[in-house]
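Numbering (my numbering), first residue to last: 15 to 199.
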């Protein structure tokens with residue numbers, strides 16, 4: 015029995031040292047609480063929604079020491095499309111950045127980190143597109159996911175789709191953290 019315990023502790027140590035065990039990266043927002051609901055400012059303006067379409071401020075800490083860049087995605091797996099809905103994709107965020115200010119998702123605001131790229135959402139354009147589920151649908155979950163990456167720049171531009179960005183993110187992820195909020199109307 016003691017031998018099994020020693021093996022289990024050794025295996026856990028190898029996982030922690032190899033970076034396979036995640037959990038140290040933390041994503042927070044002063045406007046959003048985990049499991050909470052969107053404020054009107056973060057809701058889309060269009061498709062019958064009347065929000066401010068303003069991306070929330072995001073803060074993170076605990077990135078692995080080998081992080082070379084970050085990316086943030088916002089995804090609604092509950093959208094009635096059969097493939098979810100991409101609300102925001104921003105990548106090539108420099109490794110020395112630890113936050114995105116409120117409204118960084120507006121490509122014309124100049125608030126996104128220098129060198130970062132915002133690519134195509136399912137609204138058909140780059141930048142943040144807020145929550146706007148169908149009227150009467152159950153509350154949709156909106157997953158804000160931060161990726162710490164082992165590469166400085168993804169070889170993509172602002173025309174890249176969510177699927178293509180996701181492919182590269184999953185090839186280069188060192189750690190990730192997700193903040194999930196809900197919205198219905």
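Where a beta carbon is used, it is the ideal one built from N, C-alpha and C, also for glycine. Quantities reported herein were computed from a predicted structural model and do not represent experimental measurements.
Sequence-distant residues of the same chain with beta carbon closer than 7 Å to residue i, five excluded per side
i: residue 166; result: 82 and 83
Distance, residue j Cα to residue i Cα
i: residue 149; j: residue 63; result: 10 Å
i: residue 85; j: residue 91; result: 18 Å
i: residue 36; j: residue 191; result: Summary for residue 36: the model assigns pLDDT 48, below 50, so the residue's position carries little reliability, and this model does not support an answer.
i: residue 136; j: residue 38; result: 31 Å
i: residue 179; j: residue 162; result: 14 Å
i: residue 68; j: residue 80; result: 31 Å
i: residue 94; j: residue 154; result: 10 Å
i: residue 46; j: residue 133; result: 23 Å
i: residue 77; j: residue 59; result: 33 Å
i: residue 140; j: residue 41; result: 22 Å
Enclosing beta strand (DSSP E) for residue i [first to last residue]
i: residue 197; result: 187–197
i: residue 107; result: 99–108
i: residue 159; result: 154–163
i: residue 173; result: Where residue 173 is concerned, there is no enclosing beta strand (DSSP E), given that its DSSP letter is neither H nor E.
i: residue 166; result: Where residue 166 is concerned, there is no enclosing beta strand (DSSP E), given that its DSSP letter is neither H nor E.
i: residue 75; result: 72–75
Which of helix, strand or coil DSSP assigns to residue i
i: residue 42; result: strand
i: residue 55; result: helix
i: residue 13; result: With the chain running from 15 to 199 in the structure shown, residue 13 is simply not present.
i: residue 36; result: Legend: pLDDT at residue 36 = 48, less than 50; position of this residue unreliable, value from coordinates given subsequently. In the structure shown, residue 36 sits in coil (DSSP, three-state: anything other than H, G, I, E or B).
i: residue 183; result: helix
i: residue 63; result: strand
i: residue 114; result: strand
i: residue 140; result: strand
Other residues of its chain near residue i: CB distance less than 8 Å, five sequence neighbours each side excluded
i: residue 152; result: 92 and 198
i: residue 106; result: 83, 85, 129, 130, 131, 166, 167 and 168
i: residue 115; result: 71 and 125
i: residue 51; result: 153, 195, 196 and 197
i: residue 89; result: 98, 99, 100, 101, 156, 157, 159 and 176
Cutoff 8 Å: residue i Cβ touching any chain D Cβ
i: residue 87; result: In the structure shown, chain D cannot be found, because there is only a single protein chain.
Per DSSP, the bridge partner or partners of residue i
i: residue 132; result: 104
i: residue 145; result: 57
Residue i beta carbon near the ligand MN (any heavy atom closer than 7 Å)
i: residue 159; result: In terms of ligand content, the structure shown is empty, and the ligand MN therefore cannot be addressed.
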